Amino acid sequence: MRLTKGYVIWQGLSMLDHKTEVAMVATCVGTPSTNPKTGDAIQVFFLVVDENPWESVITGMDEGVCGDCIHRKVHKGT
172 MRLTKGYVIW QGLSMLDHKT EVAMVATCVG TPSTNPKTGD AIQVFFLVVD
222 ENPWESVITG MDEGVCGDCI HRKVHKGT
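For the sequence shown, the positions run 172 to 249 when the working numbering is used.
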């Protein structure tokens, strides 16, 4: 039996900017992480759909996930 690494548990327009399509993804479901700090905890991520997460940060597309969080990378047009 092949184990799934993650599940999309919700997908739709961001509740922060109402224009970016985002997905809520759960990982470590049924298979504990090898990270001893997280163990059996299910990990949940919000990601921009069809975008590499790092590219989303670099291009500013992460607004739909991060909103105006103080920890979000600041974009100054470059």
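Positions of the beta carbon are idealized from the N, C-alpha and C atoms, including for glycine. Note that the coordinates shown come from a computational prediction; the quantities given were computed from them, not determined experimentally.
In chain order, what residues of the same chain lie with their CB nearer than 8 Å to the CB of E226, ignoring the 5 residues before and after it?
The residue you call residue 226 lines up with position 55 of the sequence shown. These residues qualify, in order along the chain: M232.
Using a Cβ-Cβ cut-off of 8 Å, state whether V220 counts as contacting chain C.
You won't find chain C in this structure, because it holds only one protein chain.
Flag this pair as yes or no: are the beta carbons of V220 and A194 separated by less than 8 Å?
As a working note, residue 220 is residue 49 in the sequence shown. As a working note, residue 194 is residue 23 in the sequence shown. Yes. Within cutoff.
My output table needs one value for T230: the three-state DSSP class, helix, strand or coil.
Counting from 1 along the sequence shown, the entry for residue 230 is found at position 59. It is helical.
Identify, in the order they occur along the chain, each residue of the same chain with its Cβ nearer than 6 Å to the Cβ of F216, setting aside the five sequence neighbours on each side.
The count along the sequence shown starts at 1 and reaches residue 216 at position 45. Excluding its 5 nearest sequence neighbours in each direction, F216 has C-beta neighbours in its own chain below 6 Å: V196, listed in chain order.
Following the continuous beta strand (DSSP E) through E192, name the residue where it begins and the one where it ends.
Numbered from 1 along the sequence shown, position 21 holds the residue referred to as residue 192. Unbroken beta strand (DSSP E) run through E192: E192 to T198.
In three-state DSSP terms, what is V179?
Numbered from 1 along the sequence shown, position 8 holds the residue referred to as residue 179. Here V179 sits in strand by DSSP.
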